[in-house]
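*Asks:* Heads up: the protein sequence lines correspond to chains F and Y, in order.
Residues in the first sequence are numbered from 8 upward in steps of one, following my numbering.
Residues in the second sequence are numbered from 8 upward in steps of one, following my numbering.
Protein chains: 2
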Amino acid sequence: MNTSLAITNRSLHDQVVSRVRDLIIEGILEPGSRIDEASLIDELGVSRTPFREALRTLAAEGLVIVRPSKGSVVRKLTPEDVFAMLEVLGHLEQLAGELACQRASDQEIQALVDLHNRMLVHYRARDRMPYYKLNQEFHSRLTELSKNDTLQEMQRNLQARLKRIRYIGNQRPDSWAGAVEDHEAMVAALKARDGKRLGQAMARHIANTWDRVKDSI
Amino acid sequence: MNTSLAITNRSLHDQVVSRVRDLIIEGILEPGSRIDEASLIDELGVSRTPFREALRTLAAEGLVIVRPSKGSVVRKLTPEDVFAMLEVLGHLEQLAGELACQRASDQEIQALVDLHNRMLVHYRARDRMPYYKLNQEFHSRLTELSKNDTLQEMQRNLQARLKRIRYIGNQRPDSWAGAVEDHEAMVAALKARDGKRLGQAMARHIANTWDRVKDSI
DNA sequence: TTTTTTATTCTTGTATACAAAATACACAAC
DNA sequence: GTTGTGTATTTTGTATACAAGAATAAAAAA
Numbered sequence: 008m009n010t011s012l013a014i015t016n017r018s019l020h021d022q023v024v025s026r027v028r029d030l031i032i033e034g035i036l037e038p039g040s041r042i043d044e045a046s047l048i049d050e051l052g053v054s055r056t057p058f059r060e061a062l063r064t065l066a067a068e069g070l071v072i073v074r075p076s077k078g079s080v081v082r083k084l085t086p087e088d089v090f091a092m093l094e095v096l097g098h099l100e101q102l103a104g105e106l107a108c109q110r111a112s113d114q115e116i117q118a119l120v121d122l123h124n125r126m127l128v129h130y131r132a133r134d135r136m137p138y139y140k141l142n143q144e145f146h147s148r149l150t151e152l153s154k155n156d157t158l159q160e161m162q163r164n165l166q167a168r169l170k171r172i173r174y175i176g177n178q179r180p181d182s183w184a185g186a187v188e189d190h191e192a193m194v195a196a197l198k199a200r201d202g203k204r205l206g207q208a209m210a211r212h213i214a215n216t217w218d219r220v221k222d223s224i
Numbered sequence: 008m009n010t011s012l013a014i015t016n017r018s019l020h021d022q023v024v025s026r027v028r029d030l031i032i033e034g035i036l037e038p039g040s041r042i043d044e045a046s047l048i049d050e051l052g053v054s055r056t057p058f059r060e061a062l063r064t065l066a067a068e069g070l071v072i073v074r075p076s077k078g079s080v081v082r083k084l085t086p087e088d089v090f091a092m093l094e095v096l097g098h099l100e101q102l103a104g105e106l107a108c109q110r111a112s113d114q115e116i117q118a119l120v121d122l123h124n125r126m127l128v129h130y131r132a133r134d135r136m137p138y139y140k141l142n143q144e145f146h147s148r149l150t151e152l153s154k155n156d157t158l159q160e161m162q163r164n165l166q167a168r169l170k171r172i173r174y175i176g177n178q179r180p181d182s183w184a185g186a187v188e189d190h191e192a193m194v195a196a197l198k199a200r201d202g203k204r205l206g207q208a209m210a211r212h213i214a215n216t217w218d219r220v221k222d223s224i
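1) What are the start and end residues of the alpha helix (DSSP H) that includes F/Ser147?
2) Applying the criterion that 16 or more other CB atoms from any shown protein chain within 10 Å of the CB defines a buried residue, is F/Gly176 buried or exposed?
3) Would the beta-carbon of Y/Val24 fall within 9 Å of that of Y/Thr64?
4) Would you check if the segment 90 to 99 of chain Y and the segment 192 to 199 of chain Y touch, i.e. whether three or more CB-CB distances between them fall below 8 Å?
5) Measuring CA to CA, which of F/Asn142, F/Ile42 and F/Arg131 is closest to F/Lys77?
6) Relative to chain F, which residues along the segment 39 to 56 of chain Y have a C-beta separation below 9 Å, given in chain order?
7) Under a CB-based cut-off of 9 Å, is F/Thr157 close to chain Y?
8) Pull the bridge partners of F/Gly78 from the DSSP assignment, please.
9) Can you tell me which of the three DSSP states Y/Ile224 falls into?
10) Smallest Cα separation from F/Gly52: which of F/Gln22, F/His123, F/Glu37 and F/Gly104?
11) Which residues share a DSSP beta bridge with F/Arg28?
12) For F/Arg26 and F/Ser223, I'd like the C-alpha separation in whole angstroms.
13) I'd like to know whether the C-beta atoms of F/Arg28 and F/Glu68 end up nearer to each other than 9 Å.
14) I need the straight-line Cα distance from Y/Val81 to Y/Val128, nearest angstrom please.
15) Taking only beta-carbon positions, decide if Y/Asp29 is within less than 9 Å of chain F.
16) Report the residue from Y/Arg59, Y/Arg125 and Y/Glu87 whose alpha carbon sits nearest the alpha carbon of Y/Arg74.
17) Counting only beta-carbon atoms, is Y/Glu160 nearer than 9 Å to chain F?
18) Specify the secondary structure class of Y/Ala35 as computed by DSSP and reduced to three states.
19) Counting only beta-carbon separations shorter than 9 Å, does F/Asp88 have a partner in chain Y?
20) Tell me which residues of the segment 57 to 72 of chain F have at least one Cβ-Cβ distance to chain Y shorter than 9 Å, keeping chain order.
21) What is the residue span of the alpha helix (DSSP H) that F/Leu84 lies within?
22) Under 7 Å Cβ-Cβ, which residues of chain F neighbour Y/Met92?
23) Restricting to Cα atoms, I'd like to know which of Y/Gln143, Y/Ala167 and Y/Asn142 is closest to Y/Leu236.
24) Spatial neighbours of F/Ile116 within its chain, please: CB distance less than 7 Å, with the 5 preceding and 5 following residues excluded, ordered by chain position.
25) Return no unless some Cβ of chain Y is closer than 9 Å to the Cβ of F/Val95.
26) Could you say which of Y/Ser153, Y/Ala118 and Y/Val220 lies nearest to Y/Gly206 if we only look at CA atoms?
27) Could you check how far apart the C-beta atoms of Y/Asn155 and F/Ala91 are, in whole angstroms? I think they sit under 8 Å.
28) Which stretch, first to last residue, makes up the alpha helix (DSSP H) that contains Y/Asp121?
29) Go ahead and label F/Arg133 buried or exposed: buried means 16 or more other beta carbons lie within 10 angstroms of its beta carbon, across all protein chains shown.
30) Measure from the alpha carbon of F/Ala111 to the alpha carbon of each residue in F/Gly34, F/Leu70 and F/Leu149, then state which is nearest.
31) So Y/Gly52 is in the alpha helix (DSSP H); what residue range does that whole segment cover?
32) Residue ranges of each beta strand (DSSP E) run of no fewer than 3 residues wholly in the segment 153 to 188 of chain Y, ordered along the chain?
33) Would you decide whether F/Thr85 is buried or exposed? Buried here means 16 or more other CB atoms lie within 10 Å of its CB.
34) Would Y/Gly104 be called buried (16 or more neighbouring beta carbons within 10 Å of its own) or exposed?
35) Give the straight-line distance between the Cα atoms of F/Tyr174 and Y/Glu87, rounded to the nearest whole angstrom.
Now the structure itself:
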C-alpha cells in the first residue's frame, strides 16, 4: 500500500484548489492582485481547463473574484467585509457552542480540553505559530462537536476567508493574552456543559477578534 | 438603450449556472440522479468547458456533488441535512432580524410591511404560488435589512439549497395558517424595532418550517 | 447457472487550438 | 502635452480532440 495514497487519491481539481487557496492565504498571491493564468498553470504544471475550474470553486468560496473577460483577482477584504464576516462567524460559533454542550460526548470534550492545554504551553513559551495553528483547530473541532454539517461547512468557509487577516492581526503582542482568557472561559463553560454561557463566550471571543484585527486591514 | 441589457450582459457562466440551478430547484433534474453532460450541453447549447465550470460553481454552492471520474449527481438531501440547514438558517435569520431592527430605515421597514400585506391577500385567496414567491422575497428582503453582505450570501445559499424541499412542504394545506401567524408576529416586532423579539420570532418560524417539511423528505 | 475474465463502448478528465475580447502601444491630430 | 484612433499584442473564453478511466456487455471458465 502506498503511503501517499491520501494525496494521490485526491482529484487534480481538489489539489489545484487547495494549492491556490494556500497561495492566497499565505499572501503569496496578494489581495487585489490579478491572477495570471499563464504563470500559475506553469507553476502548478496543469493546463488551463482544470485551473479555471479551480478558480470557479475558489470564486464560490469567496476567495477570488472572476471579472468576465477581465481576468480573476484575489479578493481584497474591506474592513466592512471583515466586520460582516466576524458578525456572522460569531453568531455561528455561538450556535456551535450551544449545540456542542448538548451533543458532544465526555471524551470529545476532554479531547478539546487537552488541545486547549497544549495551546497554553505554546502561549507560555510565546510560540506564536504553533499556537495559531492549534487555535484554528480548536475552533474547527469545537464546531465539529455541534454535529451539524452545514454549520461546519459555513464555519470552515468563513475561517478560510479570514485566515489571512487573522494571521496578520495575531502579530500584535498585546492582544494575545485577551484571546487566551477568552479560551479559558470557553473551556470552563464547555466542561460545565453550560451552552448559553459557552455560546456567549464564543460570540464575545469573535467580537474581540474584531478589535484585534481591525487596525491591520 | 437595450432593455435586455441586464440579461445579455451576464456572462455565459452565470447563465449556465442559473439555468441548471433552476432545473434542480424545479425538480426536472431529480435529487440523486446523475447529471448527463452530453444531453444537458445539447439542451443548453453550450460546450463542455463552460458547462463543467458551472458544475464546479454549483458544487461549491452545495447543489451538486462531483464524484471524481464518476460524474456529477444532483445532491439529495437527507432529513438530517435538512434539519442541519434549518438549524443554521434559523440562527442566521435570527441575527438578521436583530440587525434589521438596528439598521433598517423606516422606509425599508414600511416596504416590508407592504410586502407582508400583499402576502396576506394571496393567503386569503389561497393563491399558493404567488404567496410562495413573495415569501421567499420576504425572507431575502428582511435579511438585506441587516446590511450584512455575508449574512445575505449565506442566507441566499441556504435558501437555494432548501427551495425544493420547502416547495414540497408547502403543498400541505394545514400548515399554512401557522406560517402566516409567524409572519404576523415578525412584522409586529419589526414595526416596534424590537430586535430580540423579532429574532426569536424568526428563529421560531424556521423551527416551525421543520415541522412543516419533515414528512415530505 | 453462476462467476470470472476480457473486449467494447461510453463517460469523464485534460490539453490544446481557435475565436473573441481587452489591453497596450504607436502615431497622428489638436 | 493631451486626446484620439487604429493596429499589434496579450489575455480570456469556448470548442474540440485526444487520453484515461469506468461501466457494460460478451465470452470463457467454473
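Beta carbons are placed, not taken as given, at the ideal position from N, Cα and C, and that holds for glycine.
*Replies:* The answer reads as follows:
1) Against the first sequence, residue 147 of chain F aligns to sequence position 140. First-last of the alpha helix (DSSP H) with F/Ser147: Arg135 to Glu151.
2) Here the question's residue 176 of chain F lines up with position 169 in the first sequence. The residue is buried, with at least 16 neighbouring Cβ atoms inside 10 Å.
3) Start at 1 with the first residue of the second sequence, and residue 24 of chain Y comes out as number 17. Start at 1 with the first residue of the second sequence, and residue 64 of chain Y comes out as number 57. Result yes, Cβ atoms of Y/Val24 and Y/Thr64 sit closer than 9 Å.
4) no
5) For this step, residue 77 of chain F is matched to residue 70 along the first sequence. That would be F/Ile42, whose Cα lies nearest to the Cα of F/Lys77.
6) Thr56
7) Numbered from its first residue, the first sequence carries residue 157 of chain F at position 150. Closer than 9 Å: yes.
8) Within the first sequence, numbered from 1, the residue matching residue 78 of chain F stands at position 71. F/Gly78 is bridged to F/Arg74.
9) Residue numbering aside, residue 224 of chain Y sits at position 217 when the second sequence is read from its first letter. The answer is coil: DSSP assigns Y/Ile224 none of H, G, I, E or B.
10) As a working mapping, residue 52 of chain F is identified with position 45 in the first sequence. It is F/Gln22.
11) Position 21 of the first sequence, counting from 1, holds the residue named residue 28 of chain F. Note: F/Arg28 sits in no beta bridge, so no partner.
12) The sequence position of residue 26 of chain F within the first sequence is 19, counting from 1. The sequence position of residue 223 of chain F within the first sequence is 216, counting from 1. About 25 Å.
13) For the purposes of this step, residue 28 of chain F is taken as the residue at position 21 of the first sequence. For the purposes of this step, residue 68 of chain F is taken as the residue at position 61 of the first sequence. Cβ distance < 9 Å, so F/Arg28 and F/Glu68 count as in contact.
14) The residue you call residue 81 of chain Y lines up with position 74 of the second sequence. The residue you call residue 128 of chain Y lines up with position 121 of the second sequence. Distance between the alpha carbons of Y/Val81 and Y/Val128 is about 36 Å.
15) Working through the second sequence from its first residue, we reach residue 29 of chain Y at position 22. False, the Cβ-Cβ gap to chain F never drops below 9 Å.
16) On the second sequence, residue 74 of chain Y is found 67 positions in, with the first residue counted as 1. That would be Y/Arg59, whose Cα lies nearest to the Cα of Y/Arg74.
17) Translated into the one-based positions of the second sequence, residue 160 of chain Y becomes position 153. Cβ-Cβ to chain F under 9 Å: yes for Y/Glu160.
18) Residue mapping note: residue 35 of chain Y aligns to position 28 of the second sequence, counting from 1. It is Ile, not Ala, that sits at residue 35 of chain Y in the sequence shown. Coil, per DSSP.
19) On the first sequence, position 81 is the one that residue 88 of chain F refers to. At least one chain Y Cβ lies under 9 Å of F/Asp88.
20) Arg59, Glu60, Ala61, Leu62, Arg63, Thr64, Leu65, Ala66, Ala67, Glu68 and Gly69
21) Start at 1 with the first residue of the first sequence, and residue 84 of chain F comes out as number 77. No alpha helix (DSSP H) holds F/Leu84; DSSP gives it neither H nor E.
22) Here the question's residue 92 of chain Y lines up with position 85 in the second sequence. What Y/Met92 touches in chain F: Thr157.
23) A question about residue 236 of chain Y goes unanswered here, because the residues of chain Y that appear run from 8 up to 224.
24) For the purposes of this step, residue 116 of chain F is identified with residue 109 of the first sequence, where counting begins at 1. Result list for F/Ile116: Leu197 and Lys198, in chain order.
25) Taking the first sequence and counting its residues from 1, the one referred to as residue 95 of chain F is at position 88. It does: the Cβ of F/Val95 has a partner Cβ on chain Y nearer than 9 Å.
26) Here residue 206 of chain Y corresponds to residue number 199 of the second sequence, with the count starting at 1. Here the closest residue by C-alpha is Y/Ser153.
27) On the second sequence, position 148 is the one that residue 155 of chain Y refers to. On the first sequence, position 84 is the one that residue 91 of chain F refers to. Right, their Cβ atoms sit about 5 Å apart.
28) Taking the second sequence and counting its residues from 1, one reaches residue 121 of chain Y at position 114. Unbroken alpha helix (DSSP H) run through Y/Asp121: Asp113 to Ala132.
29) If you number the first sequence from 1, residue 133 of chain F lands on position 126. That one is exposed.
30) Residue mapping note: residue 111 of chain F aligns to position 104 of the first sequence, counting from 1. For F/Ala111, the nearest C-alpha among the options comes from F/Leu149.
31) Stepping through the second sequence from its first residue, residue 52 of chain Y is reached at position 45. Here Y/Gly52 belongs to no alpha helix (DSSP H), and DSSP marks it neither H nor E.
32) none
33) Here residue 85 of chain F refers to the residue found at position 78 of the first sequence. Flag for F/Thr85 reads exposed.
34) On the second sequence, position 97 is the one that residue 104 of chain Y refers to. Result: buried.
35) Here the question's residue 174 of chain F lines up with position 167 in the first sequence. Here the question's residue 87 of chain Y lines up with position 80 in the second sequence. The alpha-carbon atoms of F/Tyr174 and Y/Glu87 are separated by roughly 35 Å.
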